[in-house]
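Under this note's numbering, the residue at position 37 of the sequence shown is numbered 34, and the numbers go up by one with no gaps. Heads up, the beta-carbon is just placed ideally off N, CA and C, and yes, glycines get one too. Single-structure report; data block below.
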Amino acid sequence: MTRFDAKVAFVTGGAQGFGAAFCRSLVTEGASVVVADIDETRAENTATELREAGFEALAVHCDVADENAVAGAVARAVDAFGGIDILINNAGLHLTRYNQPFSSMPREDVRALFDVNVFGIVNTSIACLEAMRSRGGGTIVNVSSMAAYNPITAYGVSKLTVRALTIALAHDFASAGIRCNAIAPGLIGTDSALADLPQAFVDSIVEDRQLVHRLGRTDDIVAMMLYLCSDESSFVTGETFKVSGGTPLWI
Ligand SMILES: NC(=O)c1ccc[n+]([C@@H]2O[C@H](COP(=O)([O-])OP(=O)(O)OC[C@H]3O[C@@H](n4cnc5c(N)ncnc54)[C@H](O)[C@@H]3O)[C@@H](O)[C@H]2O)c1
């Protein structure tokens, strides 16, 4: 018996990085997963890897910024698996290009950032509401960031909005039996983050800003995600949890 037997999980940005790690851990715990990503090829590769390992997985092309595309992707998931119990709002734009003050960014980049990081969560959560309500409820986990605690860039503001959205959706969806929480990761060594950041910057975060002096791993975030999706957290909703090696600790 595993924690998510007969459950269906819809993971945005599921093709790589955190998203793929979330998919791998959820199937291991018994769930069927929907790998929803704008990168169709990578999503299909991830789903194929899971199916070849004997798990239930479906890749769906999905741009979370596009309300109609999201509705279509959710409908495909429901057709395939009968409903949705777990929604992981992980897809996000996060590279240095978006980690800039508003005055340094082309307005189209700001718009794209908020379309994905903020509207993406609204689109996907609303699209999944009935599919979750009809199963008697479920859980949503949003991926914020430690940047939300010092929101001096457009990215930080988008991720602070994710914390606020987590509270709003927890209220909005409570009567449907849906809990909504968020994770605020510190620097985690996904391929995309490491390719984007100079090694000296990564070292300075680990050595000078964290209390736990090792680079964060996807497993650190996976563990929190599994807790927030499980019945162990059945009394927890509307919260954002930092997973950052203690970077930095503010009240
Ligand atoms: N890696 C870190 O250190 C770190 C720290 C804090 C927060 N985060 C957040 O975690 C999440 C995942 O980070 P990651 O490092 O795994 O990123 P990543 O760039 O490796 O993966 C992101 C995935 O999202 C997909 N995606 C992008 N835009 C999309 C869209 N419009 N619709 C659907 N899918 C889309 C990409 O194709 C990709 O598969 C992001 O929300 C990021 O902001 C990451």
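In the DSSP assignment, the beta strand (DSSP E) including residue i goes from what residue to what residue?
i	result
residue 34	29 to 34
residue 239	237 to 240
residue 139	135 to 140
residue 86	83 to 86
Does the distance from the C-beta atom of residue i to that of residue j stay below 8 Å?
i	j	result
residue 31	residue 8	yes
residue 240	residue 182	yes
residue 187	residue 237	no
residue 47	residue 21	yes
residue 89	residue 114	yes
residue 120	residue 37	no
residue 150	residue 96	yes
residue 221	residue 85	no
residue 77	residue 39	no
residue 62	residue 117	yes
residue 193	residue 92	yes
residue 213	residue 243	no
Let me make sure I understand the geometry here. Which of the options has the alpha-carbon closest to that of residue i?
i	options	result
residue 134	57, 104, 228	228
residue 81	165, 22, 6, 1	6
residue 169	126, 149, 51, 42	126
residue 0	92, 83, 110	83
residue 14	37, 43, 54	43
residue 74	204, 116, 124	124
residue 246	91, 209, 217, 103	209
residue 226	10, 165, 205, 179	179
residue 33	49, 72, 51, 25	72
Over what stretch of residues does the alpha helix (DSSP H) that includes residue i continue unbroken?
i	result
residue 59	First-last for residue 59: undefined, no H or E at that position.
residue 211	No alpha helix (DSSP H) holds residue 211; DSSP gives it neither H nor E.
residue 110	104 to 111
residue 9	First-last for residue 9: 5 to 9, but that is the beta strand (DSSP E), not the alpha helix (DSSP H).
residue 25	14 to 25
residue 199	196 to 201
residue 166	151 to 170
residue 178	It is not in any alpha helix (DSSP H) - residue 178 instead sits in the beta strand (DSSP E) that spans 175 to 182.
Return the chain-ordered list of same chain residues with a C-beta closer than 6 Å to the C-beta of residue i, the five sequence neighbours on each side being excluded.
i	result
residue 176	136, 234
residue 35	60
residue 144	152, 153, 156
residue 27	-1, 1, 2
residue 107	151
residue 202	184
residue 132	80, 82
residue 130	173
Please classify residue i: is it buried, with 16 or more other beta-carbons within 10 angstroms of its beta-carbon, or exposed?
i	result
residue 232	exposed
residue 172	exposed
residue 185	buried
residue 211	exposed
residue 147	exposed
residue 155	buried
residue 174	exposed
residue 216	exposed
residue 16	buried
residue 29	buried
residue 160	buried
Might you give, ordered along the chain, the residues of its own chain that have their beta carbon closer than 7 Å to the beta carbon of residue i, omitting 5 neighbours on each side?
i	result
residue 224	230
residue 219	18, 19, 22
Kindly list the residues whose CB is nearer than 8 Å to the CB of residue i, restricted to its own chain and excluding five residues on each side of it in sequence; keep chain order.
i	result
residue 79	5
residue 189	13, 14, 91, 92
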